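Residue numbers (this note's numbering): 34 to 209. Glycine included, each C-beta is placed from N, C-alpha and C at the ideal position. This one's a predicted model, so the numbers in the text were calculated from it and none came from an experiment.
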Amino acid sequence: MADNPPKKEQDLYSIDLLMQQTRQLAARYRQTTGNTLPITGEIARFDVAKVLNLTLSDDLTLGYDAIGNAKRTRLKILIKGRVIFEDSHSSPRLGQLNPDGRWDRVVMVLFDDDYQPVEMYEATADDISLALDAKAESKNKKRGAMSVAQFKIIGELVWTKQDGEISDVWVNHDHE
């Protein structure tokens, strides 16, 4: 039929619909059981690739999740996602970041209780390495572990729910 969209468009629509249903299921599951489903990473990969124009890698053993396009051309991007629940009293952690990883940048996406993206931050490998080296000097710090708050400090806000992609609003480094 002439009214049917091309196959690639159909696939994208289907994935968008599946991701929306996945968000709803995950939110409802947490409301019902108090537990979370381990799907935040996959939703984060989908959202970041879509809004920051990245091509997702099919091979998750490479040490990165996506390759950049446009202003991030050929950069290897590691994607992390965290849901910030309103009723949580803990300080959320980003998890392990291998400073010797094969990635150039890390993008962290923060989700609300409904697994909807709220903000995305991006940090370079150098910024992360410096932050991790500084933490390594303090006692009882797990190598490669970073809090969401620390990532927000060293990273650059690159997307918000309200404004979409932010380009060159601020740069997190010293000015002359």
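Just to confirm before moving on: does the CB-CB distance between residue i and residue j stay below 8 Å?
| i | j | result |
| --- | --- | --- |
| Ile187 | Ala164 | yes |
| Val142 | Asp196 | no |
| Tyr154 | Glu189 | yes |
| Gly74 | Pro132 | no |
What number of angstroms, rounded off, separates the C-alpha of residue i from the C-alpha of residue j?
| i | j | result |
| --- | --- | --- |
| Tyr148 | Tyr62 | 12 Å |
| Asp160 | Pro150 | 24 Å |
| Asp92 | Ile72 | 18 Å |
| Leu70 | Leu50 | 18 Å |
| Ile199 | Val84 | 11 Å |
| Met52 | Gly67 | 21 Å |
Below 8 Å CB to CB, which residues in the same chain sit around residue i once its five sequence neighbours on both sides are set aside?
| i | result |
| --- | --- |
| Ser90 | Tyr97, Asp98, Ala99, Ile100 |
| Arg135 | Leu95, Gly96, Tyr97, Lys109 |
| Ile48 | Phe79 |
Using a Cβ-Cβ cut-off of 7 Å (strictly less than) and excluding sequence neighbours within five positions of residue i, which residues of its own chain qualify?
| i | result |
| --- | --- |
| Leu127 | Lys113, Arg115, Met141, Met179, Ser180, Val181, Phe184 |
| Arg56 | Ile76, Asp147, Tyr148, Gln149 |
| Asn86 | Asn102, Ala103 |
Under the three-state reduction of DSSP, which class applies to residue i: helix, strand or coil?
| i | result |
| --- | --- |
| Ile48 | helix |
| Gln64 | helix |
| Arg135 | coil |
| Arg115 | strand |
In chain order, what residues of the same chain have a beta carbon less than 6 Å from the beta carbon of residue i, not counting five sequence neighbours either side?
| i | result |
| --- | --- |
| Lys194 | Val151 |
Say whether the stretch 104-118 touches the stretch 128-140, bearing in mind that this needs 3 or more beta-carbon pairs closer than 8 Å, one atom from each stretch. yes
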